[in-house]
Amino acid sequence: MEDLSEREDRLGIHPGDPIMLSPDYRIDELLSLYLCRSGFAKLAPETKRNYTDDYCLFFDFLWGRGKVWNQATDDDLADFEYWRTRASANPGKVGGSRWNRGLAALTRLYEWAERREHVVRNPVQMRDFIGRTGEVIRVPRARAKYAKTSDVHWLTPRTFRLWVNVGLRGHTAQGVPAAGWVGRLEDRNAAFADLLLSSGMRLTEAASLLTIEMPRTRLGGARYYAGRLAPVVTKSKRARTFYAAAPVVGGVEGYVESSRADAIRRAQAKGRYESLPRMRLVTKVAGLRKKVLHWRDQDGVEGRTPLTEADVSERLTLFIEGSAGPEPLWLWLNESGLPFRPASWENVFRTASLRCAEVLDGVVAEPPYCTPHMARHSFALFMLVVLHHVLDLRMGLTPEERRDFRLLYGDPWRMVQDLLGHAQLETTREIYLAPVSDLQLRSLMAEPEPVEGGGEGWSQDRVTSLLARIAEESEGIQDIDAKLVPAVSA
1 MEDLSEREDR LGIHPGDPIM LSPDYRIDEL LSLYLCRSGF AKLAPETKRN YTDDYCLFFD
61 FLWGRGKVWN QATDDDLADF EYWRTRASAN PGKVGGSRWN RGLAALTRLY EWAERREHVV
121 RNPVQMRDFI GRTGEVIRVP RARAKYAKTS DVHWLTPRTF RLWVNVGLRG HTAQGVPAAG
181 WVGRLEDRNA AFADLLLSSG MRLTEAASLL TIEMPRTRLG GARYYAGRLA PVVTKSKRAR
241 TFYAAAPVVG GVEGYVESSR ADAIRRAQAK GRYESLPRMR LVTKVAGLRK KVLHWRDQDG
301 VEGRTPLTEA DVSERLTLFI EGSAGPEPLW LWLNESGLPF RPASWENVFR TASLRCAEVL
361 DGVVAEPPYC TPHMARHSFA LFMLVVLHHV LDLRMGLTPE ERRDFRLLYG DPWRMVQDLL
421 GHAQLETTRE IYLAPVSDLQ LRSLMAEPEP VEGGGEGWSQ DRVTSLLARI AEESEGIQDI
481 DAKLVPAVSA
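Everything in the sequence shown is counted per UniProt numbering, starting at 1 for the first residue and increasing by one.
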């Protein structure tokens, strides 16, 4: 009799594939086929999680009407749109952008079902319109027209540091470790948060790093160290170089040599790795520029995977032989010594923000909060300000020299675009960096502050001052110094 894993392999169900149960605990065979065998299965893990949540909401709505998913009509969708976005009885209404995301998920599902004749009629009605360049574009009729394209927030570096110290390291409002604080892997959490801010990587990109992909500090030192992201883990599916500041790389190394090593020793002592259902022991890493992982699984089957093609699910199974037994190649581990999955970082950041709200209540006007993606936004903001000042002030270029420099090396906006890995400059400019879209104008209008020794130049204090001024003039930027309030006396 075949076991569960064999049955899953035969049906095309892979690790990480969602399984949906109806309220009466039944599994819909057609839905399982869609989730595991259609183009849905090739979506990024985060997109699959988001879309699955959207499906559950709509299917629950239909269940309340005595229907299942393939019995939905366009009237059902219209009523769902009203309840989801406008009904006063719904305490959890969403805006246009969130509705459009869910609608995109439903469009994908019902177009698949319509092609395979699993539905009588597609409940998502479409319309055509002419794009900017004259092309015909098809979109759902129910799409929100004036949806806010994003809800972006930023933290200045000093505010981010306060969030890390209080939320992840357990400091008090006075900046010292709280009595009795027992941080769960605080060195890991702080190192990860710092890496996100320093590099601008997306959550999955940073969370799925292998130990062999993380740059290491060198004798003689450098201000920044470069690493390379495999195309299979990036959103654009293109390889990208990331840069991390030397103290951040040192923080990651400290985590690797302390709490990570300790978690691995405990897992080895309990034989936890040998009992895993899937494990590939990497026996050799060949190649210099294009690394290839040679591995052997528990059944003795040998294979090889180019590092650039090792996706998140495969990376979770990769181990090397250490001095005391197998060790995960996955960089970030939980307390059991097992890979810490990317989605779990959201809870770490959420818990840290809740602690900031509790500890800093009454101390600052608005306690800082942060999500993994906000660290990426904040990286973009900081880098743009620094690049503008390096170009305009520190280098002391004339307007003609500045023009020639940009023609040769690129505009600071495009430099940030490349660091973020955006395909379109508009994404960088209009979404990530909307508060500073006129930064060059502000720089020209602002009088340069004097620096030590006379003349004009660049300094961390000047960048901090400019960021503080931008925070005062813009929505969505958290800067703690501008929000300080006096402590309430007893």
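All C-beta atoms, glycine included, are put in the ideal place defined by N, C-alpha and C. Note that the structure is a prediction, hence the values are computed from the model and not measured.
Residue 58 and residue 80 closer than 8 Å at C-beta: Yes. Within cutoff.
C-beta contact flag for residue 526 and residue 212 at 8 Å: Residue 526 is absent from the structure shown; the chain starts at 1 and stops at 490.
Pick from 232, 332, 101 that is closest to residue 506, judged by C-alpha positions: Absent from the structure is residue 506, since the part of the chain shown begins at 1 and ends at 490.
Considering only their Cβ atoms, is the gap separating residue 124 from residue 106 smaller than 8 Å? In this structure, residue 106 places its C-beta atom within 8 Å of the C-beta atom of residue 124.
Select from 130, 18, 292, 141 the residue whose C-alpha is nearest the C-alpha of residue 122. If we check each option's Cα against that of residue 122, 141 comes out closest.
Evaluate the contact criterion for the stretch 171-187 versus the stretch 237-250: three or more CB pairs, one atom per stretch, below 8 Å. As far as the Cβ criterion goes, the stretch 171-187 does not touch the stretch 237-250, which means the pair count is below three.
Using CA coordinates, which residue listed in 55, 255, 99 is at the minimum distance from residue 493? As shown, the chain starts at 1 and ends at 490. That puts residue 493 outside it, with no answer to give.
DSSP state of residue 324 mapped onto helix, strand, coil: Note: residue 324 maps to coil in three-state DSSP.
Within the same chain, show all residues whose beta-carbon is closer than 6 Å to that of residue 144, passing over the 5 residues directly before and after it, in chain order. Apart from sequence neighbours up to five positions away, the residues of its chain that approach residue 144 with a beta-carbon distance below 6 Å are 96, 99, 100, ordered along the chain.
Excluding the 5 residues flanking residue 44 on each side, which residues of the same chain have their C-beta closer than 6 Å to its C-beta? Taken in chain order, the list of residues that qualify is empty.
Over what stretch of residues does the beta strand (DSSP E) that includes residue 303 continue unbroken? That run of the beta strand (DSSP E) goes 302-306.
Is the distance from the Cβ of residue 372 to the Cβ of residue 345 below 8 Å? Their beta carbons are under 8 Å apart, which means residue 372 touches residue 345 by this criterion.
Is DSSP giving residue 561 helix, strand or coil here? Nothing in the structure corresponds to residue 561, since the chain is present only between 1 and 490.
Is residue 329 near residue 282, with beta carbons less than 8 Å apart? In this structure, residue 282 lies closer than 8 Å to residue 329 by Cβ.
Would you tell me roughly how many angstroms separate the C-alpha atoms of residue 42 and residue 176, rounded to the nearest one? Between residue 42 and residue 176, the C-alpha separation is close to 47 Å.
For residue 302, which residues from the same chain have a beta carbon less than 6 Å from its beta carbon, with the 5 sequence-adjacent residues on both sides left out? The residues are 296.
Can you grab the Cα-Cα spacing for the pair residue 238 / residue 201, in whole Å? Their Cα atoms are separated by approximately 13 Å.
Please state if the CB of residue 130 and the CB of residue 139 are separated by a distance shorter than 8 Å. Annotated as distal: residue 139 and residue 130, with beta-carbon spacing of 8 Å or more.
Can you check whether the CB of residue 154 is closer than 8 Å to the CB of residue 381? The beta carbons of residue 381 and residue 154 sit closer together than 8 Å.
Please confirm whether residue 229 and residue 205 have their CB atoms less than 8 Å apart. Cβ atoms of residue 229 and residue 205: closer than 8 Å.
Compare the C-alpha of residue 24 against each of 168, 64, 78 and name the closest. Among 168, 64, 78, the Cα nearest to that of residue 24 belongs to 64.
Please list, in chain order, all residues of the same chain as residue 83 whose beta carbon is under 6 Å from its beta carbon, the five residues on each side excluded. Same-chain partners within the cutoff: 90.
Buried or exposed by the 16-neighbour rule on C-beta atoms within 10 Å, applied to residue 500: The requested residue 500 does not occur in the structure, where the chain is confined to residues 1 to 490.
Contacting residues, own chain, Cβ-Cβ under 8 Å from residue 333 (five flanking each side not counted): Hits under 8 Å: 188, 260, 263, 264, 339, 340.
Which stretch, first to last residue, makes up the alpha helix (DSSP H) that contains residue 75? Counting along the chain, the alpha helix (DSSP H) containing residue 75 begins and ends at 74-85.
With distances taken from CA atoms, which of 86, 319, 127, 22 is nearest residue 66? The candidate whose alpha carbon is nearest that of residue 66 is 22.
The beta strand (DSSP E) enclosing residue 242, as first and last residue numbers: Run containing residue 242: 240-245, per the beta strand (DSSP E) assignment.
Can you grab the Cα-Cα spacing for the pair residue 39 / residue 278, in whole Å? Linking residue 39 to residue 278 through their CA atoms gives a straight-line distance of about 25 Å.
Could you compute how far the alpha carbon of residue 244 sits from the alpha carbon of residue 207? So the two alpha carbons sit approximately 15 Å from each other.
Quick one: what does DSSP say residue 179 is sitting in, helix, strand or coil? Taken through DSSP and simplified to helix, strand or coil, residue 179 comes out as coil.
Determine which residues share a DSSP beta bridge with residue 126 and list them. Within the DSSP bridge table, the entry for residue 126 names 140 as partners.
DSSP beta-bridge partners for residue 361? Note: residue 361 sits in a beta bridge opposite 364.
Under 8 Å Cβ to Cβ from residue 158, same chain only, skipping five residues before and after it: list those, please. Its chain contains 464, 479, 480, 481 as the residues whose beta carbon lies nearer than 8 Å to that of residue 158, once the 5 sequence neighbours on both sides are disregarded; these appear in chain order.
Are residue 352 and residue 185 closer than 8 Å when you measure CB to CB? Result no, Cβ atoms of residue 352 and residue 185 do not sit closer than 8 Å.
Buried versus exposed call for residue 450 [16 or more other C-beta atoms within 10 Å across all chains shown]: Note that residue 450 scores 43 on pLDDT, short of 50, meaning its location in the model is unreliable; the coordinates nonetheless yield the value given after this. When all chains shown are included, residue 450 counts as exposed.
In its own chain, which residues sit with a C-beta less than 8 Å from the C-beta of residue 86, not counting the 5 before and 5 after it? Same-chain partners within the cutoff: 93.
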